[in-house]
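Student: To convert a position in the sequence shown, counted from 1, into the working numbering, add 1115.
Every residue gets a Cβ at the ideal spot worked out from N, C-alpha and C, and that includes glycine.
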Amino acid sequence: MSKYTKAKVFNGVGKRTPVFVRFSTVAGELGSADTVRDPRGFAVKFYTEEGNYDIVGNNTPIFFIRDAIKFPDFIHTQKRDPRTHLKNPTAMWDFWSLSPESLHQVTYLFGDRGIPLTYRHMNGYGSHTFKWVNEDGEAVWVKYHFKTNQGVKNMDPELAVKIAGENPDYHTEDLYNAIEKGDYPSWTLYVQIMPLEDAKTYRFNPFDVTKVWSHKDYPLIEVGRMVLNRNPENYFAEVEQATFSPGNLVPGVEPSPDKMLQARLFAYADAHRYRVGVNHNLLPINRPRVEVNNYQRDGFMRFDNNGGGSVNYEPNSFGGPTEVPEHKTTPFPVSGVAESVPYDDDDHYTQAGDLYRLMSEEEKARLVKNIVESMKQVTKEDIKLRQIRHFYKADPDYGRRVAEGLGLQVPDDVTTKS
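1. With a cut-off of 8 Å on the beta carbons, I'd call I1400 and N1346 a contact; round off their distance for me.
2. Output needed for E1478: all residues of its chain with C-beta closer than 8 Å, excluding positions within five of it in sequence on either side, in chain order.
3. Alpha carbons only, please: which of V1306, A1254, M1116, Q1356 is nearest the one belonging to V1128?
4. Check for me: the alpha helix (DSSP H) holding V1487 runs from which residue to which?
5. Identify whether F1210 lies in helix, strand or coil by the three-state DSSP scheme.
6. Out of N1408, G1520, R1501, which one is the CA nearest neighbour of D1527?
7. Within its chain, find whatever has a CB closer than 7 Å to the CB of H1463; leave out the 5 residues flanking it on each side and keep chain order.
8. Give the DSSP-derived three-state secondary structure of T1437 in the structure shown.
9. Grab me the residues of P1457's own chain with a C-beta within less than 7 Å of its C-beta, minus the 5 sequence neighbours each way, in chain order.
10. Which runs of the beta strand (DSSP E) fall wholly inside the region 1229 to 1298 and span at least 3 residues, in chain order?
11. Between H1387, N1427, Y1259, which has its C-alpha nearest R1412's C-alpha?
12. DSSP three-state call for E1165: helix, strand or coil?
13. What does the alpha-carbon distance come out to for the pair I1498 and G1252?
14. Given a threshold of 16 other Cβ atoms within 10 Å of its Cβ, counted over all protein chains shown, does E1476 qualify as buried or as exposed?
15. So does the region 1152 to 1170 actually touch the region 1229 to 1237, counting three or more Cβ pairs closer than 8 Å?
16. For F1261 and V1171, what's the separation of their Cα atoms in angstroms?
17. Do the CB positions of M1375 and H1243 come within less than 8 Å of each other?
18. Residue range of the alpha helix (DSSP H) that P1187 falls in?
19. Which value, in whole angstroms, describes the spacing of the CA atoms of V1449 and V1393?
20. Express the C-alpha separation of G1414 and F1245 in angstroms, rounding to a whole number.
21. With DSSP collapsed to three states, give me the class of E1353.
22. Report all residues from its chain with a CB closer than 6 Å to the CB of T1205; omit the five preceding and five following residues, and keep chain order.
23. Check this for me: beta carbons of P1525 and R1515, under 8 Å apart or not?
24. Quick one: using the 10 Å Cβ neighbour count with 16 as the cut-off for buried, is Y1513 buried or exposed?
25. Are K1194 and A1142 close, meaning C-beta to C-beta below 8 Å?
26. Does the region 1294 to 1311 come within contact of the region 1327 to 1342, defined as at least 3 CB pairs closer than 8 Å?
27. For the structure I just gave you, are there three or more beta carbon pairs, one from the region 1259 to 1273 and one from the region 1309 to 1326, closer than 8 Å?
28. Which residue marks the beginning of the beta strand (DSSP E) containing M1375, and which one marks its end?
29. Just the Cα atoms here: how many angstroms apart are A1467 and G1362?
30. Using alpha carbons as the reference points, say which of G1451, F1351, L1398, E1250 lies closest to N1126.
31. So, with DSSP's three-state summary, where would you put Q1307?
32. Just the C-alpha distance for F1447 and E1312, rounded to the nearest angstrom, thanks.
33. Looking only at its chain, what residues have a beta carbon closer than 6 Å to the beta carbon of L1482, apart from the 5 residues adjacent to it on each side?
34. Span of the alpha helix (DSSP H) holding G1468?
35. Of the residues G1146, D1385, Y1410, which one's Cα is nearest the Cα of N1282?
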């Protein structure tokens, strides 16, 4: 990959890099059932010779929103209602129906891949667009794809409900047992590479996390294989205390103009300081495998020698560590007016419709059934009708089927415009 990036983790034939991977659900709390319909977190920490590099993604290549200011409200709709302390499908569909950019992810989530058979049988994605930079300072845009070598397998929703009641830790147990008996799961890492200039003319915003890049336009390029061959020795020390951040980068990897990514660069470390502590990066699971040189000192639960008696400021005249100029962020042009505005005037429907049309007849039927079962619980009819409009705009057949399943008519105002 040296043609595209100077990141050492991705260069060198036969190179081996230790990793730590954490899988999770989004909506569920600790101890909740594994086999629910929910995106799965897919976070990978590479312990490289240049420091830790985290890819903090999901098992879906897209997300519900692309503007981070919506994220707290989105999460509120996925968690428990403040009045009833129950999950609230009305709130969930209300938010989605008022956020049409979510349609692509909703279509993916309620399709067959919404409930993976196991963690071993799902793909992982970096989701965001990143920038790779090589030794010559030449840059490209990149997306990450972890393709499971066990094959993608999904769980029937009725079986998922049954298992949720009988063994809510099913996915956790399956992964642990597979690794323990030597049946090591693996994923092949691929990337899509987009030339820097293509971003200006590509038919979709390449930095919009609710969109994907066509594999015909930017085919997958194999990078390497990730194998999970060891279980944690202590769950709390290694899993609960693990912290991942999209801001943990190495030379050769930089952020893109993706607005959601830019917010996550700051938000994750902030959450870690609250959840684990200001010195979370010193914990063994989070600490790089190479020497760390900086001027950070003190803080609650600082448990190393705190820098000893070395100088704690920069610049200094006492031989303290300095920046490495060749690893500075590559320059990029900026223009326009700075303002807090939504950027929701893009096409919300083409890619959701394309995904629907790619499905077989059986897959479409299951998708619609899953959506109808969920939307039946919505208490306000106008929310249902608003969401049906979105389905119809993605594909008329999609909207009609959902409407029929709910015993409703597709609103006239959307059919007359088609």
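Tutor: In brief:
1. Not really, about 13 Å apart at Cβ, beyond 8 Å.
2. G1226, D1227
3. M1116
4. 1476 to 1490
5. helix
6. R1501
7. P1215, E1216, L1218
8. coil
9. D1182
10. 1245 to 1248, 1254 to 1263
11. N1427
12. coil
13. 50 Å
14. exposed
15. yes
16. 12 Å
17. yes
18. 1186 to 1193
19. 33 Å
20. 32 Å
21. helix
22. V1493, T1494
23. For the sequence presented, residue 1525 should be read as Val rather than Pro. In this structure, R1515 lies closer than 8 Å to V1525 by Cβ.
24. buried
25. yes
26. yes
27. no
28. Per DSSP, M1375 belongs to no beta strand (DSSP E); it is in the alpha helix (DSSP H), 1374 to 1390.
29. 30 Å
30. E1250
31. strand
32. 12 Å
33. F1225, G1226
34. 1465 to 1473
35. G1146
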